[in-house]
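Q: Just so you know, we're using my numbering here: the sequence shown kicks off at 342 and counts up by one.
Glycine included, every Cβ here is placed at the ideal spot set by N, Cα and C.
For clarity, every value in this text was computed on a predicted model and none was experimentally measured.
Next up is a structure, given as structure tokens.
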Amino acid sequence: MNIAPTLRNEGRLEVVDALRGFALLAIVLLHNLEHYNIFTAQLSEPAWLTSLGRWLTDSIYFIFAGKAYATFSLLFGFSFYIQMSNARRRGYDFRMRFAWRMLLLLGFSQLHALFYNGDILLLYAVCGLILIPASGWSNRTVAIVAAILMLQPYCWGKIVYAIFNPEYIDNNSLFIQYAASAEQVGRTGNIWETLANNIWNGQLYSNFWQVEAGRLFQTPALFLLGMLAGRLELFVDSPRSRRFWLRALTATVIAAIPLYCLKTFVPPHIENITILSYYCIAIPMLFNFAFMTALVAGFTLLWYSKSSHGYAAQRFIIPYGKMSLTNYIGQSIIGVFIYYHWGLNLWDSVGAAGSTAIAIGIFILQLAYSRAWLRTHRQGPLEWLWKKGTWLLSDRDTTKNIAKA
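Below you can see the structure in the form of structure tokens.
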């Protein structure tokens, strides 16, 4: 099923930009609560402020941790489908151009990782390559492969092996040795020491953690599901898409309840460290996926209920989502400057409540910038650079006819 005619008539699907914007807002809230990976701090603050901070932390983590990243990943796959569909409609094979685009994304990831040792763009650049062969798969094959990856087969393989080999020990925490070095430099290093440490230790910390947290399987699964959502026109308002999201909302809310019980009440009864380590990846990942799907479904249905154009409380964030790459990298650089020793050094001076306020301040600043920039530009500065790089060395007619889509 081709979405191109719909897009040609309606332009950008603003519900997707709004979803991406809210996912990005959730990411900046989470990263500020973590002080951009400086987790240890001894604070002296009033009891009421500590209580407020604890409530904010619990609430934000429960609603957004693992779900914001998952939403972002789902929409990455959807964007690939739009690009592929637009190119095919004009008679152009976008697959190798997309491979080049992922290489450029790897370059953006290295810029980002210099400042923040929690980059996800390198993982995106690698996992995004699965979309090239998957673009020729049937919908059924895409769904089956995505389901297998989402179930975390590596984790269950480790669990089964540990059941039959109880002497085997694997606590799935290779990233910790690199995290300690990265965190120490963040607390005490100058900017040059921070950049130098992030070139090696920061990269190993971030990417080992991504792999050990199950994202090496979940990320391509979400990319595939996002592509499938594009094929099925699930973000185009229609009776069929409304039925799908209503069913998805119902099913995932029902599924989230037993998954929450499994992730909360079972681990204390698991004594084998290997089984515990991998169980605590596989089950929470499934819970987060169910919760994320419910959030996306609820948001989309609410958007459709307002004449297919969304409510003002949803639409206001569209500019933020349109400039997602610029704002994602920008919020990290701002946040690292605020908390790290080479900047304002606030990692041990601001609690959860203060960090939440800072996050909201960063969001407001970036939203205002996005609105101002998009008044005179079609894209954000890094989005523009990425697009120009994508069509580098292509002929003029191809660039004119496809890159503008």
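Under a Cβ-count criterion, where at least 16 other Cβ atoms within 10 Å of its own Cβ denotes burial, should Arg697 be classed as buried or exposed?
A: One-based indexing of the sequence shown puts residue 697 at position 356. Position check: residue 697 holds Thr in this sequence, whereas Arg was assumed. Answer is buried; the Cβ neighbour count reaches 16.
Q: Taking Cβ positions, are Trp732 and Arg528 nearer each other than 8 Å?
A: Against the sequence shown, residue 732 aligns to sequence position 391. Against the sequence shown, residue 528 aligns to sequence position 187. Not a contact, by the Cβ cut-off of 8 Å.
Q: According to the neighbour-count rule (16 or more other Cβ atoms, all chains shown, within 10 Å of its Cβ), is Phe403 buried or exposed?
A: The residue labelled residue 403 in the question sits at position 62 within the sequence shown. Phe403 comes out exposed.
Q: From Lys604 to Tyr681, what does the alpha carbon distance come to, in whole angstroms?
A: Along the sequence shown, one-based indexing puts residue 604 at 263. Along the sequence shown, one-based indexing puts residue 681 at 340. Using only the alpha carbons, I get a separation of about 33 Å.
Q: Below 8 Å between beta carbons: does that hold for Ala523 and Asn378?
A: The residue labelled residue 523 in the question sits at position 182 within the sequence shown. The residue labelled residue 378 in the question sits at position 37 within the sequence shown. For Ala523 and Asn378, yes; Cβs fall inside 8 Å.
Q: From Ile616 to Ala487, what does the alpha carbon distance come to, in whole angstroms?
A: Stepping through the sequence shown from its first residue, residue 616 is reached at position 275. Stepping through the sequence shown from its first residue, residue 487 is reached at position 146. Rounded to the nearest angstrom, the two C-alpha atoms are 24 Å apart.
Q: Look at the alpha carbon of Gly530 and the alpha carbon of Gly662, and state the distance between them as a whole number of angstroms.
A: What you label residue 530 is simply residue 189 of the sequence shown in a count that begins at 1. What you label residue 662 is simply residue 321 of the sequence shown in a count that begins at 1. Going by the C-alpha atoms only, they are around 33 Å apart.
Q: Using CA coordinates, which residue listed in Val526, Thr560, Ile500 is at the minimum distance from Leu455?
A: For the purposes of this step, residue 455 is taken as residue 114 along the sequence shown, with counting starting at 1. Scanning Val526, Thr560, Ile500 for the CA closest to the CA of Leu455 turns up Val526.
Q: Candidates Ala359, Asn427, Glu612: which alpha carbon is nearest Ala654's?
A: Locating residue 654 in the sequence shown gives position 313, counting from the first residue. Minimum Cα distance to Ala654 is reached at Ala359.
Q: What three-state label does DSSP hand Gln720 in the structure shown?
A: Here residue 720 is taken as the residue at index 379 of the sequence shown, counted from 1. Here Gln720 sits in coil by DSSP.
Q: Please report how far the alpha carbon of Pro599 lies from the alpha carbon of Thr535, in whole angstroms.
A: Your numbering for residue 599 matches position 258 in the sequence shown. Your numbering for residue 535 matches position 194 in the sequence shown. If I take the Cα positions, the gap works out to 43 Å.
Q: Quick one, which of Pro608, Ser400, Glu508, Val577 has its alpha-carbon nearest Ala302's?
A: Beyond the ends of the chain as shown, which are 342 and 746, falls residue 302; an answer cannot be given.
Q: Quick check on the burial criterion: 16 or more other C-beta atoms within 10 angstroms. Buried or exposed for Ser673?
A: Counted from its first residue, the sequence shown places residue 673 at position 332. Buried, since its Cβ has 16 or more Cβ neighbours within 10 Å.
Q: Please classify Gly477 as buried or exposed, where buried requires at least 16 other C-beta atoms within 10 Å of its C-beta.
A: The residue given as residue 477 occupies position 136 in the sequence shown. By the neighbour-count rule (16 or more Cβ atoms within 10 Å), Gly477 is not buried but exposed.
Q: Between Arg395, Ala440, Lys408, which lies nearest to Ala597 when the distance is taken from Cα to Cα?
A: Residue 597 sits at position 256 when you count from the first residue of the sequence shown. Comparing Cα-Cα distances from Ala597 to each of Arg395, Ala440, Lys408, the minimum goes to Lys408.
Q: Between Gln551 and Ile622, what straight-line distance do the alpha-carbon atoms span, to the nearest angstrom?
A: As a first step, residue 551 must be located in the sequence shown, where it is residue number 210. As a first step, residue 622 must be located in the sequence shown, where it is residue number 281. Spanning the two alpha carbons is a distance of roughly 11 Å.
Q: Between which two residues does the alpha helix (DSSP H) containing Leu375 stretch?
A: On the sequence shown, residue 375 is found 34 positions in, with the first residue counted as 1. Residue identity check: residue 375 is Glu in the sequence provided, not Leu. First-last for Glu375: undefined, no H or E at that position.
Q: Mind the definition here: the stretch 493-503 touches the stretch 698-709 only if three or more C-beta pairs lie below 8 Å; say whether that holds.
A: Fewer than three beta-carbon pairs drawn from the stretch 493-503 and the stretch 698-709 are found closer than 8 Å, and the two stretches are therefore not classed as touching.
Q: Nearest by alpha-carbon distance to Leu573: which of Gln559, Ser690, Ile423 is it?
A: Position 232 of the sequence shown, counting from 1, holds the residue named residue 573. Ranking Gln559, Ser690, Ile423 by Cα distance to Leu573 puts Ile423 first.
Q: Going by C-alpha distance, which of Ala367, Gln383, Ala411 is nearest Phe564?
A: Residue numbering aside, residue 564 sits at position 223 when the sequence shown is read from its first letter. The option with the nearest alpha carbon to Phe564 is Ala411.
Q: In three-state DSSP terms, what is Tyr433?
A: In the sequence shown, residue 433 corresponds to position 92, counting from 1. Here Tyr433 sits in coil by DSSP.
Q: Report the rounded CA-to-CA distance for Glu355 versus His718, giving the unit in angstroms.
A: Position 14 of the sequence shown, counted from the first residue, corresponds to residue 355. Position 377 of the sequence shown, counted from the first residue, corresponds to residue 718. Going by the C-alpha atoms only, they are around 17 Å apart.
Q: Let me see if you follow: with CB-CB separation under 8 Å, is Ile423 close to chain D or not?
A: Of the protein chains in the structure, only one exists, and it is not chain D.
Q: Compute the Euclidean distance between the alpha carbons of Phe363 and Gly671, then round it to the nearest angstrom.
A: Reading the sequence shown from its first residue, position 22 is the one you call residue 363. Reading the sequence shown from its first residue, position 330 is the one you call residue 671. Distance between the alpha carbons of Phe363 and Gly671 is about 16 Å.
Q: Within 10 angstroms of its Cβ, does Asn506 collect 16 or more other Cβ (buried), or is it exposed?
A: Start at 1 with the first residue of the sequence shown, and residue 506 comes out as number 165. The residue is exposed, with fewer than 16 neighbouring Cβ atoms inside 10 Å.
Q: Just to confirm, are Ala760 and Leu393 a CB contact at a threshold of 8 Å?
A: Residue 760 lies beyond the residue range present for the chain, which begins at 342 and ends at 746; the question has no answer from this structure.
Q: Using a threshold of 8 Å, state whether the C-beta atoms of Met664 and Trp714 are closer than that.
A: Looking up residue 664 in the sequence shown gives position 323. Looking up residue 714 in the sequence shown gives position 373. Contact: yes.
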